[in-house]
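Reviewing the structure listed below.
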Amino acid sequence: MQINAPECYRNAAEIDTVAELIDLRDARVLELGCGDARTTRALVERLGAAEVIATEVDRIQHDKNLALGHLPGVHFVLGGAEAIDAPEASFDAVLMFKSLHHVPTAAMPRALREIHRVLRPGGQALFSEPVYWGEFNALISLIHDEELVRQAAFDTLCQAVETGLFISQAEVFIQVPATYASWDVFASRYLNPTHTRLDLDDRDRARIRHAFDAHSTPTGAHFLKPQRIDVLVKPG
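Each position in the sequence shown, counted from 1, maps to that position plus 52 in this note's numbering.
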């Protein structure tokens with residue numbers, strides 16, 4: 053396993069890559085840290101999951117998800133990865149999209165043990181994590197530098213494999229194309245998160261704005277967002 057492999061990247065959408073790596077048709081899926089549920093819906097509508105239990109530790113975002121109304125096959129639950137309210141061997145797959153590094157560092161090993169507990173034998177756990185590399189990462193790091201927590205998340209995955217808790221099945225690196233039509237669009241997405249408290253003053257915001265504007269074009273600011281996707285399997 054590698055935390056980064058610059059020579060291995062290809063441009064791809066995250067959900068398309070997930071479809072290549074794991075078969076979710078008719079599966080019972082647990083998504084930990086579902087955020088605004090955009091990917092959650094795709095798991096059912098595009099990848100054919102029979103049921104998705106989508107958890108979110110951020111109560112504000114969880115309430116927003118509940119306000120979406122009924123989504124066929126989707127159930128929203130308030131909770132974190134380190135304490136999963138589900139029986140043993142009750143899911144075919146567990147997915148974490150850019151959320152493992154948000155688990156408190158000391159609790160990351162516990163989260164992996166919980167994922168192992170709720171997966172059926174032979175079940176797959178997929179982790180998509182942002183890579184600390186590239187121009188988009190340089191911009192995001194001005195807002196909130198995640199180098200240490202991303203390293204901790206990777207180390208936790210490696211430890212889970214080294215100890216035999218999981219078997220490493222696949223690891224791929226993708227760059228996800230992203231366009232932000234304006235500074236306001238970018239700022240609304242990244243400068244006011246409910247899951248993380250940001251301590252930014254006017255000077256910080258001006259520096260972030262300057263870095264963003266360096267990528268602006270008549271068609272928006274275009275980026276490639278580097279991600280590493282690991283698929284682990286529960287032995288058995």
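Yeah, the Cβ is synthetic: ideal placement off N, Cα and C, and Gly gets one too.
Task: Per DSSP, cross-strand counterpart(s) of Tyr232 - done: Ala273
Task: Helix, strand or coil at Met148 [DSSP, three-state] - done: Secondary structure at Met148: strand, using DSSP grouped into helix, strand and coil.
Open item on the list: If the criterion is Cβ atoms closer than 9 Å, does the pair His168 and Val109 meet it?
Closed with: no
Open item on the list: Rounded to whole angstroms, what is the Cα-Cα separation between Pro278 and Leu171?
Closed with: 28 Å
- [ ] Buried or exposed for Ile136, please, with buried defined as at least 16 other CB atoms from any protein chain shown within 10 angstroms of its CB.
- [x] buried
TODO: Enumerate in chain order the residues of its own chain whose CB-to-CB distance from Leu123 is below 7 Å, with the five nearest sequence positions on each side excluded.
DONE: Arg93
Task: Rounded C-alpha distance that separates Arg77 from Pro161 - done: 29 Å
- [ ] Classify Asn117 as buried or exposed, calling it buried when 16 or more other Cβ atoms lie within 10 Å of its own Cβ.
- [x] buried
Task: Beta-carbon proximity check, His114 vs Glu187, cutoff 9 Å - done: Result no, Cβ atoms of His114 and Glu187 do not sit closer than 9 Å.
- [ ] Check whether the Cβ atoms of Ala177 and Val70 sit closer than 9 Å, and answer yes or no.
- [x] no
Open item on the list: If we require 4 or more residues per run, which alpha helix (DSSP H) segments fall completely within the region 140-201?
Closed with: 160-170 and 187-195, all fully within the region 140-201.
Open item on the list: Taking the straight line between their C-alpha atoms, what separation do you get for Ile226 and Asn189?
Closed with: Rounded to whole angstroms, Ile226 to Asn189 spans 14 Å at the Cα level.
Open item on the list: Once the 5 residues before and after Gly174 are set aside, which same chain residues still bring their CB inside 7 Å of it?
Closed with: Same-chain partners within the cutoff: Val285, Lys286 and Gly288.
Open item on the list: In whole angstroms, give me the CA-to-CA distance for Val237 and Ala158.
Closed with: Cα-Cα distance, rounded: 34 Å.
Open item on the list: If I measure Cβ to Cβ from Ala141 and keep anything under 6 Å in the same chain, skipping five residues before and after, which residues do I get?
Closed with: Arg172
Task: CA-to-CA distance, Leu276 to Pro229, given in whole angstroms - done: 5 Å
- [ ] Take Leu73 and list the residues in its own chain whose beta-carbon comes closer than 6 Å to its own, dropping the five residues that flank it on each side.
- [x] Correct list, in chain order: Ala222 and Val283.
Open item on the list: So, under 8 Å CB-CB, Ala133 and Ala163 are touching, yes? Tell me the CB distance rounded to an integer number of Å.
Closed with: 4 Å
Task: Of the listed residues Thr91, Ala65, Ile281 and Glu97, nearest to Ala205 (C-alpha basis) - done: For the set Thr91, Ala65, Ile281 and Glu97, the Cα lying nearest the Cα of Ala205 is the one of Ile281.
Open item on the list: Quick check on the DSSP output: what are the complete beta strand (DSSP E) runs of length 3 or more inside the region 206-266, in order along the chain?
Closed with: 219-232
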